[in-house]
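Here's the structure, in structure tokens; my notes come after.
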Amino acid sequence: VENRPVARLLYATGKVGEPIPQDMFEAVAEILAFVYRTYRYYYFTLPSRRAAALSN
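The numbering of the sequence shown is this note's numbering, which starts it at 360 and goes up by one.
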């Protein structure tokens, strides 16, 4: 998944610890949903990765 315009806009306007700009909510929600789905896939389907995740 790659969306360079969104990444550039977040980098240029976003600050750590600051609220997400309202016009970026949908894009950030899509990114977080992708990360969550990917994590769940690896955590629940690959036992070796599950063990590694639990050790952190």
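Idealized CB from N, CA, C, for every residue including glycine. None of the values given here were measured: they were computed from a predicted structure.
Determine the direct distance from the alpha carbon of residue j to that of residue i, and round the result to whole angstroms.
i           : j           : result
residue 388 : residue 379 : 10 angstroms
residue 403 : residue 364 : 32 angstroms
residue 362 : residue 376 : 22 angstroms
residue 390 : residue 401 : 17 angstroms
residue 399 : residue 413 : 13 angstroms
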